[in-house]
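S.K.: Numbering (mature numbering (1 follows the signal peptide of the UniProt record, and there is no 0)), first residue to last: -32 to -1, 1 to 132. Ideal Cβ placement from N, Cα and C applies to all residues, glycine included. Quick one: structure below, then a few questions.
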Amino acid sequence: MTESLFTARRAFTVAVLAVAAAALSGCAPAPAPVVTQTIVITPTPTPTPTPTPTATPTPVATTPPVAEAEPDPLVANPEVPEVPLPEGPAYDNGAIPGAQAAPVRDGAGNLTSYTVIDGDTFFDIAQRFDLPMQQLLRMNPSVSGLGENIRLRQVINLDWTTTG
C-alpha cells in the first residue's frame, strides 16, 4: 500500500506543477512593439553655374614691324693668330674617381699608357693626365664614340709623340 500511496503522491505533485506552469505562462508581459525609424534623405540641389562675363577686347593700335638691319657677319680678329692648342706630354695629377688605376711609365719616367679599370671614364682619364679631350682622342684613334665607348682592360695611349 505504501507503494500505491507513493505513486498517488507523485501523480498529484506532477499535476500541481503542471497546473502551476500553465497558470504562470500567461503572466508574462506582452512583447514590446519593435520601433522602426525611417530616414528620408533629400538630395541637395546642385547650383546652376552662372557664366563668367568675358572681357571685351580693346583694340590696340599696332605699329607696322620695322625691318631690323642684318647684323654684320662675324669677322675673325686679325690680331689673334690661328694656331691650334698646344699639345704636350701627359702629367699625372694623381688618382681621381673615374681614373684610379696606376699608369705605365717608360725607363725615363714618362707616362706611356693607362689600362682602363671598372668605373673609369675617358673624360676623367683626360682630366687626371692633364690632357685636352681632343688631344687624347687623337692619340687614341681606336677609341670610338668620342670616348664614350671605352671598355675594361683597354689600353689608353698617354705618349703624346705616338698614336696608339
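Tell me whether Arg73 sits in a helix, a strand or coil according to DSSP, three-state version.
M.R.: As a position in the sequence shown, residue 73 is number 105, starting the count at 1. Of the three classes helix, strand and coil, the one that applies to Arg73 here is strand, per DSSP.
S.K.: What whole-angstrom Cβ distance do Ala63 and Thr83 have, given they're in contact under 8 Å?
M.R.: Against the sequence shown, residue 63 aligns to sequence position 95. Against the sequence shown, residue 83 aligns to sequence position 115. The pair is not a contact, with the Cβ atoms about 13 Å apart (cut-off 8 Å).
S.K.: If you draw a straight line from the C-alpha of Arg121 to the C-alpha of Gly56, how long is it?
M.R.: Along the sequence shown, one-based indexing puts residue 121 at 153. Along the sequence shown, one-based indexing puts residue 56 at 88. Roughly 25 Å between the two C-alpha positions.
S.K.: Determine the extent of the beta strand (DSSP E) in which Ile7 is found, giving its start and end residues.
M.R.: Taking the first residue of the sequence shown as position 1, residue 7 is located at position 39. Premise fails: Ile7 is in no beta strand (DSSP E) and is neither H nor E.
S.K.: May I have the straight-line CA-CA distance separating Ile124 from Ala37, to the nearest angstrom?
M.R.: The sequence position of residue 124 within the sequence shown is 156, counting from 1. The sequence position of residue 37 within the sequence shown is 69, counting from 1. If I take the Cα positions, the gap works out to 52 Å.
S.K.: Could you name the residues that DSSP lists as bridge partners for Ile124?
M.R.: Residue 124 sits at position 156 when you count from the first residue of the sequence shown. Paired residues: Tyr82.
S.K.: Roughly how many whole angstroms lie between the Cα atoms of Val34 and Leu114?
M.R.: As a first step, residue 34 must be located in the sequence shown, where it is residue number 66. As a first step, residue 114 must be located in the sequence shown, where it is residue number 146. C-alpha separation (whole angstroms): 45 Å.
S.K.: Which residues share a DSSP beta bridge with Gln64?
M.R.: For this step, residue 64 is matched to residue 96 along the sequence shown. Checking the sequence shown, residue 64 turns out to be Ile, not Gln. For Ile64, DSSP records a beta bridge to Ala67.
S.K.: First and last residue of the alpha helix (DSSP H) that includes residue 134?
M.R.: Within the shown structure, residues of the chain are numbered from -32 to 132, placing residue 134 beyond reach of any answer.
S.K.: Let's test the definition: count the other Cβ atoms within 10 Å of the Cβ of Asn117 and tell me whether it reaches 16, buried, or not, exposed.
M.R.: Residue 117 sits at position 149 when you count from the first residue of the sequence shown. Its Cβ having fewer than 16 others within 10 Å, Asn117 is exposed.
S.K.: Can the beta-carbon of Pro71 be found closer than 8 Å to that of Leu126?
M.R.: Position 103 of the sequence shown, counted from the start, is the residue given in the question as residue 71. Position 158 of the sequence shown, counted from the start, is the residue given in the question as residue 126. Between Pro71 and Leu126, the C-beta spacing is below 8 Å.
S.K.: In the DSSP assignment, find the alpha helix (DSSP H) that holds Leu105 and state where it starts and stops.
M.R.: Counting from one through the sequence shown, the residue named residue 105 turns up at place 137. Element bounds for Leu105: Met101 to Met107.
S.K.: Just to confirm, is the Cβ distance from Phe91 to Asp60 under 8 Å?
M.R.: Working through the sequence shown from its first residue, we reach residue 91 at position 123. Working through the sequence shown from its first residue, we reach residue 60 at position 92. For Phe91 and Asp60, no; Cβs fall outside 8 Å.
S.K.: I need the straight-line Cα distance from Thr14 to Pro(-2), nearest angstrom please.
M.R.: Start at 1 with the first residue of the sequence shown, and residue 14 comes out as number 46. Start at 1 with the first residue of the sequence shown, and residue -2 comes out as number 31. Spanning the two alpha carbons is a distance of roughly 46 Å.
S.K.: Take Asp109 and list the residues in its own chain whose beta-carbon comes closer than 7 Å to its own, dropping the five residues that flank it on each side.
M.R.: The residue labelled residue 109 in the question sits at position 141 within the sequence shown. It should be noted that the sequence gives Pro, not Asp, for residue 109. So the list reads Thr131, once near-sequence residues are dropped.
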